[in-house]
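Asks: Provided herewith is a single structure, encoded as structure tokens, for subsequent inquiry.
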Ligand SMILES: [Zn+2]
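Residue numbers (my numbering): 75 to 437.
Shown next as structure tokens:
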């Protein structure tokens, strides 16, 4: 691509990023950028200490990351190292899986940081290069909720649970004090529409690896959904990516269906059970559904329905109907059923706490 087109594209990208700025984004991003510049050397040293030189595969990846850390220069004023680092890899995986399914874009797609505080990612088509915007609004949401759910499911498993036992889940939630964390997350979201900036949420060290793969399965789903919007935009440019006889909501379901297919494939390829069993997308939308419900109680005047997008509840229901119509192995149904019951318990505990707090406030 020529420099002129590159510059044009970046100006367009920055313009689109400006449209995504939400309240509080700007100071947050500025602070993050200052911190990144100040901490670049410390981050590099930490990475060097973490991966020993004799770990050849690790060393190769480490050197590549060290040089990306060195060379990172924000291309637009909203560019940020970490979201680009996370989502660019996810996008690469998604592009490869779609290519194997025979689904390719004519125009290249790049990942850019989204300055939005909200949970969703955004795709914008362009003749010069498509853009997918995803940022800390998305990563923080996935990370916090993955912490909640991996802590509960692994904690319950450590209590000797081989099949679903409500008592073990309840004991885990009580012993590890997780209901209050889930409740605080929901209230934070209820007031400001994001969980970004929530602060520390502790999780036992041995659960970090599991959380990372759950987060990955959510991110793959999110990027795969946006990718399919771009594919439809190329196929139906005259109707902004909406095929004949489809509504905007139908398109959302279509993109979800394709993203679910991509996530399963990704999970099988990478041995990620949260992805192959579709638990990532389920937990993502169930958490969003719970947050939205709490927001609605706190703020009853704000409506949560939209003409163009299904609600989080509708998207949870869609995952279940997608699975019910498919021919999946029995263990997938069992895992989904287990996680669904787990989300129901978390919902009950959060609403119990919300009720208690509201009564306290009324008094
Ligand atoms: Zn969409």
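Here a beta-carbon is modelled for each residue, glycine too, at the ideal position from N, C-alpha and C.
1) Helix, strand or coil: which one does DSSP assign to residue 187?
2) At what residues does the alpha helix (DSSP H) containing residue 358 begin and finish?
3) In chain order, what residues of the same chain lie with their CB nearer than 8 Å to the CB of residue 272, ignoring the 5 residues before and after it?
4) Taking 8 Å as the threshold (C-beta atoms), are residue 284 and residue 224 in contact?
5) Going by the beta-carbon positions, is the gap between residue 206 and residue 195 smaller than 8 Å?
6) Inspect the beta-carbon positions of residue 438 and residue 413 and report whether they are closer than 8 Å.
7) Taking all protein chains shown into account, do 16 or more other C-beta atoms lie within 10 angstroms of the C-beta of residue 374, making it buried, or fewer, making it exposed?
8) Residue 93 to residue 403, Cα distance in whole Å?
9) Can you tell me where the beta strand (DSSP E) holding residue 383 begins and where it ends?
10) Would DSSP call residue 206 helix, strand or coil?
11) Give me, in chain order, the residues of the same chain whose beta-carbon lies closer than 6 Å to that of residue 419; leave out the 5 immediate sequence neighbours on both sides.
12) Looking at ligand 1, does it come within less than 7 Å of residue 159, judged from the CB to the closest heavy atom?
13) For the alpha helix (DSSP H) holding residue 256, just list the boundary residues, first then last.
14) Taking only the alpha-carbon atoms, compute the straight-line gap between residue 276 and residue 267 and give it to the nearest angstrom.
15) Give me the Cα-Cα distance between residue 197 and residue 181, rounded to the nearest whole angstrom.
16) Indicate whether residue 336 and residue 294 have their beta-carbon atoms separated by less than 8 Å.
17) Please name the residue, chosen from 264, 409, 300, that lies closest to residue 169 on a Cα-to-Cα basis.
18) Give a yes or no on whether the C-beta atoms belonging to residue 351 and residue 410 are separated by under 8 Å.
19) Looking at the structure shown, is residue 389 part of a helix, part of a strand, or coil, going by DSSP?
20) For the alpha helix (DSSP H) that contains residue 107, what are its first and last residues?
21) From the DSSP output, which residues share a beta bridge with residue 290?
22) What residue from 95, 390, 297, 199 has the CA that sits closest to residue 307's CA?
23) At a cut-off of 7 Å, is residue 326 close to ligand 1 when judged by its beta-carbon and the heavy atoms of the ligand?
24) Can you look up residue 331 in the DSSP assignment and give me helix, strand or coil?
25) Among 105, 318, 430, which residue has its Cα nearest to the Cα of residue 155?
26) Contact defined as beta carbons within less than 8 Å: I believe residue 330 pairs with residue 392. What is the distance between those atoms, to the nearest angstrom?
Replies: The structure says:
1) What you label residue 187 is simply residue 113 of the chain shown in a count that begins at 1. Three-state DSSP puts residue 187 in a strand.
2) Looking up residue 358 in the chain shown gives position 284. 353 to 372 is the span of the alpha helix (DSSP H), which, as asked, contains residue 358.
3) The count along the chain shown starts at 1 and reaches residue 272 at position 198. Contacts found: 214, 218, 258, 259, 262.
4) Counting from 1 along the chain shown, the entry for residue 224 is found at position 150. Counting from 1 along the chain shown, the entry for residue 284 is found at position 210. In this structure, residue 224 lies near residue 284, with their beta-carbon atoms less than 8 Å apart.
5) The residue given as residue 206 occupies position 132 in the chain shown. The residue given as residue 195 occupies position 121 in the chain shown. For residue 206 and residue 195, yes; Cβs fall inside 8 Å.
6) Within the shown structure, residues of the chain are numbered from 75 to 437, placing residue 438 beyond reach of any answer.
7) As a first step, residue 374 must be located in the chain shown, where it is residue number 300. Under this definition residue 374 is an exposed residue.
8) Against the chain shown, residue 93 aligns to sequence position 19. Against the chain shown, residue 403 aligns to sequence position 329. Approximately 43 Å, taken between the alpha carbons.
9) The residue you call residue 383 lines up with position 309 of the chain shown. Residue 383 -> no beta strand (DSSP E), and no H or E assigned at all.
10) If you number the chain shown from 1, residue 206 lands on position 132. Three-state DSSP puts residue 206 in a strand.
11) Here residue 419 refers to the residue found at position 345 when the chain shown is read from its first residue. The beta carbon of residue 419 lies closer than 6 Å to those of 243 in the same chain, with the five residues before and after it left out.
12) Stepping through the chain shown from its first residue, residue 159 is reached at position 85. Checking the Cβ of residue 159 against ligand 1 gives no.
13) Within the chain shown, residue 256 is the residue found at index 182, counting from 1. Taken as a continuous stretch (DSSP letters only), the alpha helix (DSSP H) holding residue 256 covers 252 to 266.
14) Reading the chain shown from its first residue, position 202 is the one you call residue 276. Reading the chain shown from its first residue, position 193 is the one you call residue 267. A straight line joining the alpha-carbon of residue 276 with that of residue 267 spans about 22 Å.
15) Position 123 of the chain shown, counted from the start, is the residue given in the question as residue 197. Position 107 of the chain shown, counted from the start, is the residue given in the question as residue 181. Approximately 13 Å, taken between the alpha carbons.
16) Residue mapping note: residue 336 aligns to position 262 of the chain shown, counting from 1. Residue mapping note: residue 294 aligns to position 220 of the chain shown, counting from 1. Yes; because the gap between Cβ atoms is below 8 Å, this pair is in contact.
17) For the purposes of this step, residue 169 is identified with residue 95 of the chain shown, where counting begins at 1. In this structure, 300 is the residue among 264, 409, 300 with its C-alpha nearest to the C-alpha of residue 169.
18) Working through the chain shown from its first residue, we reach residue 351 at position 277. Working through the chain shown from its first residue, we reach residue 410 at position 336. Yes; because the gap between Cβ atoms is below 8 Å, this pair is in contact.
19) Working through the chain shown from its first residue, we reach residue 389 at position 315. Three-state DSSP puts residue 389 in a helix.
20) Looking up residue 107 in the chain shown gives position 33. Its alpha helix (DSSP H) spans residues 99 to 124.
21) Mapped onto the chain shown, residue 290 falls at position 216. Paired residues: none, contrary to the question.
22) Taking the first residue of the chain shown as position 1, residue 307 is located at position 233. When 95, 390, 297, 199 are compared, the shortest CA-CA separation from residue 307 is found for 199.
23) Residue 326 sits at position 252 when you count from the first residue of the chain shown. Result yes, Cβ under 7 Å from ligand 1.
24) Taking the first residue of the chain shown as position 1, residue 331 is located at position 257. DSSP places residue 331 in helix when its eight states are reduced to three.
25) Working through the chain shown from its first residue, we reach residue 155 at position 81. The closest CA to that of residue 155, considering only 105, 318, 430, is found on 105.
26) Position 256 of the chain shown, counting from 1, holds the residue named residue 330. Position 318 of the chain shown, counting from 1, holds the residue named residue 392. Separation of the CB atoms of residue 330 and residue 392 is rounded to 6 Å, and the pair is thereby assigned contact status at 8 Å.
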